[in-house]
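For reference, the structure is listed below as structure tokens.
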Amino acid sequence: MNLKRILLYLRLHIKLFSRTRSGPFFLIIFPVILMLLFGSIFGSSSIGKESLAVQNDGPSSAYITGSLKAINESGLFNVYMVPAGQSLSSYMKSNSVSIGISFPSNFSANLANHSAGVQYYSEPGDQAASTYEPVLINLILAGTGSTSAIVTAQPVSVSGLGKPVDYYIPALIGYTIINGIFSMVYVVPNYRKDRIFRQLSFANLTKSEWLTATTLFYVVTTFLSDLIIFGIGVLVFGISLQVTLLGVALSAVVIVSGLLLFTAIGLLAGLYTRDEESAALAANVIFFPMLFLSGVFYPISVMPGYLQTVAYLLPLTYFNLTLKSILLYNSIGPVLLQIGLMVLAGIVLFGLSAYIATKKIEG
Amino acid sequence: MGEIIKVNNLKKSYGKLSAVRGISFHVNSGEVFSLLGPNGAGKTTTVEILEGVRKRTSGVVSVLGQDPERITESFRKRVGILPQDFNFLERCTANEALEFYIGSLDSSLKPDELLKTVELSDKKNVYFSRLSGGQKQKLGIALALSNDPELIFLDEPTAGLDPLSRRSIQEVMRNLRSLGKTIFLTTHYLEEAEKLADRVAIINFGMIVDEGTPEELVQKNKTSDMLVVTVQDGVSLSGVLPSLAREKSKGVYEMPIKSNDDLFLVLDSISKSRIPVNNISLVRENLEDVFMRIVGAEENES
Ligand SMILES: Nc1ncnc2c1ncn2[C@@H]1O[C@H](COP(=O)(O)OP(=O)(O)O)[C@@H](O)[C@H]1O
Ligand SMILES: [Mg+2]
Numbered sequence: 442m443n444l445k446r447i448l449l450y451l452r453l454h455i456k457l458f459s460r461t462r463s464g465p466f467f468l469i470i471f472p473v474i475l476m477l478l479f480g481s482i483f484g485s486s487s488i489g490k491e492s493l494a495v496q497n498d499g500p501s502s503a504y505i506t507g508s509l510k511a512i513n514e515s516g517l518f519n520v521y522m523v524p525a526g527q528s529l530s531s532y533m534k535s536n537s538v539s540i541g542i543s544f545p546s547n548f549s550a551n552l553a554n555h556s557a558g559v560q561y562y563s564e565p566g567d568q569a570a571s572t573y574e575p576v577l578i579n580l581i582l583a584g585t586g587s588t589s590a591i592v593t594a595q596p597v598s599v600s601g602l603g604k605p606v607d608y609y610i611p612a613l614i615g616y617t618i619i620n621g622i623f624s625m626v627y628v629v630p631n632y633r634k635d636r637i638f639r640q641l642s643f644a645n646l647t648k649s650e651w652l653t654a655t656t657l658f659y660v661v662t663t664f665l666s667d668l669i670i671f672g673i674g675v676l677v678f679g680i681s682l683q684v685t686l687l688g689v690a691l692s693a694v695v696i697v698s699g700l701l702l703f704t705a706i707g708l709l710a711g712l713y714t715r716d717e718e719s720a721a722l723a724a725n726v727i728f729f730p731m732l733f734l735s736g737v738f739y740p741i742s743v744m745p746g747y748l749q750t751v752a753y754l755l756p757l758t759y760f761n762l763t764l765k766s767i768l769l770y771n772s773i774g775p776v777l778l779q780i781g782l783m784v785l786a787g788i789v790l791f792g793l794s795a796y797i798a799t800k801k802i803e804g
Numbered sequence: 408m409g410e411i412i413k414v415n416n417l418k419k420s421y422g423k424l425s426a427v428r429g430i431s432f433h434v435n436s437g438e439v440f441s442l443l444g445p446n447g448a449g450k451t452t453t454v455e456i457l458e459g460v461r462k463r464t465s466g467v468v469s470v471l472g473q474d475p476e477r478i479t480e481s482f483r484k485r486v487g488i489l490p491q492d493f494n495f496l497e498r499c500t501a502n503e504a505l506e507f508y509i510g511s512l513d514s515s516l517k518p519d520e521l522l523k524t525v526e527l528s529d530k531k532n533v534y535f536s537r538l539s540g541g542q543k544q545k546l547g548i549a550l551a552l553s554n555d556p557e558l559i560f561l562d563e564p565t566a567g568l569d570p571l572s573r574r575s576i577q578e579v580m581r582n583l584r585s586l587g588k589t590i591f592l593t594t595h596y597l598e599e600a601e602k603l604a605d606r607v608a609i610i611n612f613g614m615i616v617d618e619g620t621p622e623e624l625v626q627k628n629k630t631s632d633m634l635v636v637t638v639q640d641g642v643s644l645s646g647v648l649p650s651l652a653r654e655k656s657k658g659v660y661e662m663p664i665k666s667n668d669d670l671f672l673v674l675d676s677i678s679k680s681r682i683p684v685n686n687i688s689l690v691r692e693n694l695e696d697v698f699m700r701i702v703g704a705e706e707n708e709s
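Sequence order for the protein chains is R and X. Mapping the first sequence onto my numbering, position 144 (from 1) lands on 585, and the numbers just tick up by one. Mapping the second sequence onto my numbering, position 44 (from 1) lands on 451, and the numbers just tick up by one.
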């Protein structure tokens, strides 16, 4: 491996890439459009408030009042109070309210010993309801002034009130990761057909140098599109995620591992098919289920059970969940092992596909 | 420097197919050596083995003192290659392609000089995909020259081009020759080998069937010149020159001519006979005829 040649090819590759129409579109413009789209749909409260049914089974307390105040002041919800003892789910059904929370009788007491929980009610399959879940958690935390765990066992940050659009930051980063599948899938069969690798070898550029330059390019451009997604979220939709330096660094690690993994899958698809068309088909067969089932467009929790089972068989799901955990909840400890496994999977599969490529590509 | 390429009993099989069946030859430094043969003769197989692109089945090969199966980066810096069906990155300009090659091969040449050598200066900033067939080949030659190589392989550089482009590329090759480069040229155009090569090896069915300078090949394989006489309807030359004339088709006679005396004798006899003649021509055999006869004339595309 020769660094000078890698950089020379990288420079050439950047020029050629900028001249293709589809490359910049899918890498930069498409995620931007998605972010703007989801941002406009879920990021602005002017779209119309979500109905929220609230029930308090316990005594009135400053915590409950504070939570309700925070929820009301967020401007995101029309709140309907449901009297204690009444069935919250039947109220929601008869009044077409899609989200409900119920404070159990021991909520205020438990808050002091860090074991409080609220019951979150939502329609299975309701996408919006599920995206509001973290929002409500944050609002309640803010309202109670508590730092303890609520609803889920995951620690939730107090500062920074989430909006549903926040969800789409990790999700769309997930989209940019899985896009890596297309980084090699067309190029490899075409370059083989046109014997470009042989031609490059006459300039002493080896296949591993080519692969390094191309992958490097893809990693850098993906970071760029992720940065743009992030920027749009912050500047256009006023997202305030709880992001630490460690969180950013770990997200970068997750993104690189994902790119290695999916680039490798695309590379293998390109190597084991005869032409560009069948390679693209193979890649799309892998791509589309993950695009729709791994939590890019809507959370996995809104899907019916059997699809959730499928989702957990798809690798992108873990990248999405991990990014969500880091970027949305600043929850790092519980996903460290998962990150380690993803790094390992990325490196192993990429190494394997690179080895096969150097053996299989002629010339 | 003497022999820059040495090949001894080279064989190459693809499965059951023997593409090259034990060929031997050498190429001297500074000469243009042409491997001439019809399609499928084994030219590309041979040249790619010399370039280190393909592995041989058996035989001994030395190129610039190295075995091309164990080439190093330095080998690529000393050798220029224009492969058959040369292709490059579609949206890359001629200038960018050359810059990449020059940088990657640590050459000190300039893209402009190379474009000038191949007469492509006006296409400097044109995408590869927008170049014509002949211009693409010229860029391919420029890339092959970008490391200022001692030895250049050109595999069918003019195949499939129109006559004008072909001539233009041949002009470029002549320039290279005058720069003192050793050139290994494969072609199925005889006229190209005849015009450009110092030595020619004719390959057919994976075997070298003849070798020498173009003149030597003609000389060695030469049959005698032919005088072809066409007479008017209803008359015959048979009575005039019974021993020599052979009626090839109706009214067309062929006579082998070995010397000027032969020629005068025949013309004299015809003249004395007063037989009305439509046409008389003297046909000299060239390398083309020799080549066609050697390779069996089964190939005819150009
Ligand atoms: N990679 C290959 N696999 C199988 N057969 C091949 C391969 N390359 C060439 N051949 C066969 O070997 C013979 C010689 O081919 P080639 O060297 O390309 O001839 P030429 O360059 O003279 O046209 C042909 O019969 C061709 O079909
Ligand atoms: Mg050939």
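Even glycine gets a Cβ: it sits at the ideal position worked out from N, Cα and C. Given the structure is predicted, the values throughout are model-derived calculations rather than measurements.
Along the alpha helix (DSSP H) that carries residue i, what are the first and last residues, could you check?
i: Thr655(R); result: 648-678
i: Met633(X); result: Unbroken run through Met633(X) is the beta strand (DSSP E), 632-638; no alpha helix (DSSP H).
i: Tyr508(X); result: 501-511
i: Val726(R); result: 717-734
i: Ala426(X); result: No alpha helix (DSSP H) contains Ala426(X), which is instead part of the beta strand (DSSP E) from 424-435.
i: Arg806(R); result: Missing from the structure shown is residue 806(R); chain R here goes from 442 to 804 and no further.
i: Val684(X); result: That residue, Val684(X), is in no alpha helix (DSSP H); its beta strand (DSSP E) goes 684-690.
Contact criterion: CB-CB distance below 8 Å. Does residue i meet it with respect to chain R?
i: Leu512(X); result: yes
i: Phe591(X); result: no
i: Val533(X); result: no
i: Pro556(X); result: no
i: Lys419(X); result: no
i: Asn685(X); result: no
i: Glu654(X); result: no
i: Leu785(X); result: Only positions 408 to 709 of chain X appear in this structure, which leaves residue 785(X) out of reach.
i: Ile412(X); result: no
i: Leu516(X); result: no
i: Pro564(X); result: no
i: Phe495(X); result: yes
Shorter than 8 Å from the beta carbon of residue i to some beta carbon of chain X?
i: Thr656(R); result: no
i: Leu646(R); result: yes
i: Leu444(R); result: no
i: Asp805(R); result: The requested residue 805(R) is not part of the displayed model; chain R covers only 442 to 804.
i: Ile802(R); result: no
i: Gln560(R); result: no
i: Leu716(R); result: The residue asked about is misnamed: residue 716(R) is Asp in this sequence, not Leu. False, the Cβ-Cβ gap to chain X never drops below 8 Å.
i: Arg639(R); result: yes
i: Arg633(R); result: no
i: Leu449(R); result: yes
Can you name the start and end residues of the beta strand (DSSP E) that residue i belongs to?
i: Ile541(X); result: The question names Ile, but residue 541(X) is Gly in the sequence shown. No beta strand (DSSP E) holds Gly541(X); the alpha helix (DSSP H) holding it covers 540-552.
i: Pro663(X); result: 659-664
i: Gly487(X); result: 486-489
i: Leu493(R); result: 491-497
i: Tyr450(R); result: Where Tyr450(R) is concerned, there is no enclosing beta strand (DSSP E), although the alpha helix (DSSP H) it sits in stretches over 444-460.
i: Phe560(X); result: 558-562
i: Ser441(X); result: 439-443
i: Arg653(X); result: 653-656
i: Pro467(X); result: The question names Pro, but residue 467(X) in the sequence shown is Val. Here the beta strand (DSSP E) through Val467(X) covers 465-470.
i: Glu410(X); result: 410-421
i: Ser536(X); result: Neither: Ser536(X) is in no beta strand (DSSP E) and is coded neither H nor E.
In chain order, which continuous runs of the beta strand (DSSP E) of length 3 or greater are located wholly inside the region 503-574 of chain R? 518-523, 540-544, 560-563
Residues of the region 453-472 of chain R whose Cβ lies closer than 8 Å to any Cβ of chain X, in chain order: Leu453, Lys456, Leu457, Arg460, Thr461
For a minimum of 3 consecutive residues, which ranges assigned as the beta strand (DSSP E) are wholly contained in the region 569-632 of chain X? 589-594, 606-611, 614-619
Tell me, please, whether the region 431-448 of chain X touches the region 583-596 of chain X by the rule of three or more beta-carbon pairs shorter than 8 Å. yes
Counting pairs of Cβ atoms below 8 Å between the region 617-626 of chain R and the region 575-583 of chain R, do you hit three or more? no
Counting Cβ pairs, one atom from each stretch, are 3 or more of them under 8 Å apart for the region 566-579 of chain X and the region 502-518 of chain X? no
Do the region 450-467 of chain X and the region 482-492 of chain X touch if we need at least three Cβ pairs shorter than 8 Å? yes
Would you check if the region 503-515 of chain R and the region 457-464 of chain R touch, i.e. whether three or more CB-CB distances between them fall below 8 Å? no
Under 8 Å, with one C-beta from each stretch per pair, do the region 531-542 of chain R and the region 472-485 of chain R reach the 3-pair mark? no
Can you give me, in chain order, the residues of the region 431-464 of chain X that have a beta carbon less than 7 Å from any beta carbon in chain R? Val460
Contact residues within the region 727-738 of chain R, judged by C-beta distance below 7 Å to chain X: none
Would you say the region 675-694 of chain X touches the region 631-639 of chain X, given that touching needs at least three Cβ pairs under 8 Å? yes
Interfacial residues, the region 519-552 of chain X to chain R, with Cβ spacing under 9 Å: Tyr534, Gly547, Leu550, Ala551
Any residues in the region 661-694 of chain X with a beta carbon nearer than 7 Å to a beta carbon of chain R? Which ones, in chain order? none
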